[in-house]
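Novice: Under our numbering, the first residue of the sequence shown is numbered 481, with each subsequent residue one higher.
Heads up, the beta-carbon is just placed ideally off N, CA and C, and yes, glycines get one too.
Just so it is clear, the structure is predicted and the values come from calculations on it, not from any experiment.
One structure coming up, written as structure tokens, with questions to follow.
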Amino acid sequence: MFTIQLTNNKSFSCTVDDTILFSAHKEDIALNYSCNSGRCQSCKAKVISGDSVPVAEELGLTEEDKAAGYILCCVRKPISNLQLAIEDLSDYHLEKVRTVPAKINYLAKKSDHVMELHLRTPPNMSFRYRSGQYLNMIKGDFRRSYSIANSNSSPDLVFYIKNYPEGRFSSYLFNEAKINDLLRVEGPLGTFFLRNTQQQNIVLLATGTGIAPLIAILQDMDEDAPSFGKKNIFLFYGGRFVEDLFWKPQFNNIEVHFYPILSRNTQEWNGERGYIQDVVITKGIDLADAVVYACGSENMILDAKKVLTANGLVEDCFHSDAFVSTN
Numbered sequence: 481m482f483t484i485q486l487t488n489n490k491s492f493s494c495t496v497d498d499t500i501l502f503s504a505h506k507e508d509i510a511l512n513y514s515c516n517s518g519r520c521q522s523c524k525a526k527v528i529s530g531d532s533v534p535v536a537e538e539l540g541l542t543e544e545d546k547a548a549g550y551i552l553c554c555v556r557k558p559i560s561n562l563q564l565a566i567e568d569l570s571d572y573h574l575e576k577v578r579t580v581p582a583k584i585n586y587l588a589k590k591s592d593h594v595m596e597l598h599l600r601t602p603p604n605m606s607f608r609y610r611s612g613q614y615l616n617m618i619k620g621d622f623r624r625s626y627s628i629a630n631s632n633s634s635p636d637l638v639f640y641i642k643n644y645p646e647g648r649f650s651s652y653l654f655n656e657a658k659i660n661d662l663l664r665v666e667g668p669l670g671t672f673f674l675r676n677t678q679q680q681n682i683v684l685l686a687t688g689t690g691i692a693p694l695i696a697i698l699q700d701m702d703e704d705a706p707s708f709g710k711k712n713i714f715l716f717y718g719g720r721f722v723e724d725l726f727w728k729p730q731f732n733n734i735e736v737h738f739y740p741i742l743s744r745n746t747q748e749w750n751g752e753r754g755y756i757q758d759v760v761i762t763k764g765i766d767l768a769d770a771v772v773y774a775c776g777s778e779n780m781i782l783d784a785k786k787v788l789t790a791n792g793l794v795e796d797c798f799h800s801d802a803f804v805s806t807n
């Protein structure tokens, strides 16, 4: 048994058989996480002292990260006592993960490749979460992770799901699913959610269906006008083609500066072109006084973090949820 100490002086125990992340959550210490498979950077921590070993490849780390002493807590086991620098989110009092039944309440295509899905849980099993989190949908013997696209104020859980030719769940959803079909949902999961925000500028970045958790975050801000009504809110929404941009903001209490962006050269498009992170730095946003929430492809998130931090963003003010492929 080893002791893992955080820089805020909290500590927890970890056996040689458990990962650092698993042990932290067992003791109700909420560390950043998302994929749980070493592919994103959410649980990235800097080792101050001590040693650990990887139980899977840390695909989310660059060689520079490794040389600087960073590890991914979801795929690391200790071999000594450790001191780590990683954000502790325990003060947010995240809901416990649980599994509940859910019925399909609404189905509608938003485009040829995206389905809007509403699920409803039983009235006596209210499903609480923080806007931006995701859950696992379970059908039979398989499960898939999807971000929730609405705030807690709605009785339904809303999702935007992309159709993949070989995707088991998306194939079911597009070809077989019907109203009142029964599924199970497990969650809430992940630590991508709206934080207490001191910065004046809130910058949201999304590609494709990565817009889903940002819709929930925007709804949260709209419902808390005293806290966010005077913030500068920017939404950069990218896709390859026009049909990839299936949503636009409409809110009553917040003003959202909206920039739809296409990365492919299409003649009929008069809006922004290029990559999201490159468009952001053309808008004159004071990134030193900004917090960023990014969701979508791994490449976008890695590139955006690199570009924005090079242009004044504090690294700890970049929050992300990378959509990684299912193993």
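1) CB-CB under 8 Å to L698, same chain, minus the five flanking residues each way: which ones, in chain order?
2) Hey, out of K583, N655, F639, whose CA is closest to P602's CA?
3) Please list the terminal residues of the continuous alpha helix (DSSP H) segment that includes D702.
4) Which residue comes first and which comes last in the beta strand (DSSP E) that contains R648?
5) Given that a residue counts as buried once 16 or more other Cβ atoms are within 10 Å of its Cβ, and exposed if not, what is T495?
6) Give the DSSP-derived three-state secondary structure of L597 in the structure shown.
7) Locate the alpha helix (DSSP H) running through L501, then write down its first and last residues.
8) Could you tell me the boundaries of the beta strand (DSSP E) in which A802 lies?
9) Just to confirm before moving on: does the CB-CB distance between A802 and S514 stay below 8 Å?
10) Helix, strand or coil for M617 per DSSP?
11) Can you look up Y572 in the DSSP assignment and give me helix, strand or coil?
12) Going by alpha carbons, who is nearest to F726 out of F654, M595, A548?
13) Taking the straight line between their C-alpha atoms, what separation do you get for I509 and D796?
14) Among L486, G530, A770, A548, which residue has its Cα nearest to the Cα of N512?
15) Whose C-beta lies closer than 6 Å to the C-beta of S522 among residues of the same chain, with five residues either side of it excluded?
16) Using 8 Å as the threshold, is the C-beta distance between Y821 and I741 below it?
17) Leaving aside the five residues before and after T687 along the sequence, list all residues of the same chain whose C-beta is less than 6 Å from its C-beta, in chain order.
18) Taking only the alpha-carbon atoms, compute the straight-line gap between S517 and S560 and give it to the nearest angstrom.
19) Just to confirm the assignment, what range does the beta strand (DSSP E) spanning T579 have?
20) Classify E646: buried if its beta carbon has 16 or more other beta carbons within 10 angstroms, exposed otherwise.
21) Could you check whether H598 and L662 sit closer than 8 Å to each other, using their CB atoms as the reference points?
22) Report the rounded CA-to-CA distance for D724 versus V771, giving the unit in angstroms.
23) Taking DSSP as the reference, what is the three-state secondary structure of E666?
24) Could you round the C-beta distance between L788 and L767 to whole angstroms and report it? I think they count as a contact, below 8 Å.
25) Once DSSP output is grouped into helix, strand and coil, what is the label at P706?
26) What separation, rounded to the nearest whole angstrom, lies between the Cα atoms of K642 and S611?
27) Curious, which full-length alpha helix (DSSP H) runs of at least 4 residues does the region 530-575 contain?
28) Check the DSSP bridge columns for T687 and list the partner residues they point to.
29) Could you tell me the alpha carbon to alpha carbon distance between R556 and F502, rounded to whole angstroms?
30) For the pair the region 670-678 and the region 756-763, tell me if three or more CB-CB distances fall below 8 Å.
31) Should the region 742-750 be regarded as contacting the region 663-670, the criterion being three or more beta carbon pairs within less than 8 Å?
32) Cutting at 8 Å between CB atoms, please list the residues of its own chain near S493, excluding the five before and the five after it.
33) Tell me the DSSP secondary structure of T789 in three-state form.
Specialist: Let's see:
1) L684, I713, L715, P729, F731, I734, V736
2) K583
3) 691-703
4) That residue, R648, is in no beta strand (DSSP E); its alpha helix (DSSP H) goes 648-655.
5) exposed
6) strand
7) 500-506
8) 798-803
9) yes
10) strand
11) helix
12) M595
13) 19 Å
14) L486
15) N512, Y513, S514
16) Nothing about residue 821 can be reported from this structure: the residues present for the chain run from 481 to 807 only.
17) G718, G776, S777, M780
18) 22 Å
19) 578-589
20) exposed
21) no
22) 25 Å
23) strand
24) 6 Å
25) helix
26) 20 Å
27) 543-547
28) G718
29) 10 Å
30) no
31) no
32) M481, F482, T483, I484, S503, E507
33) helix
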